[in-house]
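Numbering (this note's numbering), first residue to last: 1 to 294. The beta carbon of each residue, even a glycine, is placed where N, CA and C say it ideally should be. This report concerns only the one structure given below.
As structure tokens, this is what we get:
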């Protein structure tokens, strides 16, 4: 029987307004802080914002692994332990991630290790993976790292008018939360509107699921005109193009800058180290939607 999962637990002056051109002409106003300025993730929590500015009407979705963090060592160890818990056998080969969801990696890992896959395997493996990863969460900051600029980029994007940030990740939800918390990134992320690896959908469909969750939570319609996906692989680009989002490629992981451009990314950054570039890219690719739109 599986053990129960433990509870989951610059150059700008601070606050100065900055204007960026939008895709449809005109400007989008943003308030960009220095990286050390403490700010919360949601506009309505900011006393400096007017009620109009506080309305959530832009959705920024982040891939996690190799975009925000690199915790590959811990992830592999958790997979090995989970595999043994579910099958009673040692893990010989782990299917490559390649930007795929945990559900897909689990199925392939079972198959390449000679396990005849049954319907019960996925829920059992997901539960086991959650337990094994949670047991290793103390190692994340030791054996893993936040990628350069990740925290400052999240802080800065959170200051754009009307933005809510979440994740679109192949990682199962509980493990995604651990990854974010280990590096202090969770405070700018609304995990309740994200898309996660235990949901057996293509990433493009997960993007649309996330848009639907954000609509239910914030009352705005999210489309390709006001949704941005930020990720490091051509699979992320494909998900954005099919699912209905603008795409910012970050050449920090699986795909090169040239590959991201060729796949159709709207903007490509070498990394997240220049937070003002990230903010400008998000502002350029989004157009605030009418909160009352249907």
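Is it right to say residue i is buried, meaning 16 or more other beta carbons lie within 10 angstroms of its own, or is it exposed?
{"i": "residue 270", "result": "exposed"}
{"i": "residue 152", "result": "buried"}
{"i": "residue 200", "result": "exposed"}
{"i": "residue 249", "result": "buried"}
{"i": "residue 119", "result": "exposed"}
{"i": "residue 90", "result": "exposed"}
{"i": "residue 149", "result": "buried"}
{"i": "residue 253", "result": "buried"}
{"i": "residue 142", "result": "exposed"}
Between residue i and residue j, which are expected to be in contact by the criterion C-beta below 8 Å, what is the C-beta distance as a whole number of angstroms?
{"i": "residue 265", "j": "residue 237", "result": "5 Å"}
{"i": "residue 68", "j": "residue 146", "result": "7 Å"}
{"i": "residue 176", "j": "residue 167", "result": "6 Å"}
{"i": "residue 207", "j": "residue 184", "result": "Not a contact, Cβ separation roughly 26 Å."}
{"i": "residue 174", "j": "residue 130", "result": "5 Å"}
Among the options, whose alpha-carbon lies nearest the alpha-carbon of residue i?
{"i": "residue 94", "options": "235, 124 and 113", "result": "113"}
{"i": "residue 62", "options": "99, 92, 55 and 84", "result": "99"}
{"i": "residue 284", "options": "73, 144 and 224", "result": "224"}
{"i": "residue 144", "options": "169, 102, 65 and 103", "result": "65"}
{"i": "residue 137", "options": "83, 72 and 88", "result": "72"}
{"i": "residue 126", "options": "84, 150 and 149", "result": "84"}
{"i": "residue 169", "options": "189, 122 and 58", "result": "189"}
{"i": "residue 241", "options": "220, 251 and 204", "result": "204"}
{"i": "residue 273", "options": "82, 154 and 179", "result": "154"}
To the nearest angstrom, report how far apart residue i and residue j are at their CA atoms.
{"i": "residue 172", "j": "residue 135", "result": "15 Å"}
{"i": "residue 107", "j": "residue 226", "result": "34 Å"}
{"i": "residue 158", "j": "residue 55", "result": "13 Å"}
{"i": "residue 218", "j": "residue 210", "result": "12 Å"}
{"i": "residue 156", "j": "residue 92", "result": "43 Å"}
{"i": "residue 86", "j": "residue 103", "result": "14 Å"}
{"i": "residue 39", "j": "residue 110", "result": "No answer about residue 39 holds up, because its pLDDT of 38 lies below 50 and its placement is not dependable."}
{"i": "residue 133", "j": "residue 74", "result": "7 Å"}
{"i": "residue 221", "j": "residue 214", "result": "8 Å"}
{"i": "residue 124", "j": "residue 179", "result": "21 Å"}
Notebook entry, point to check: Are the stretch 245 to 265 and the stretch 226 to 237 touching, with three or more C-beta to C-beta distances below 8 Å?
Noted result: They touch, by the three-pair rule.
Item checked: At least three beta-carbon pairs within less than 8 Å, the stretch 75 to 86 to the stretch 191 to 205 -> no
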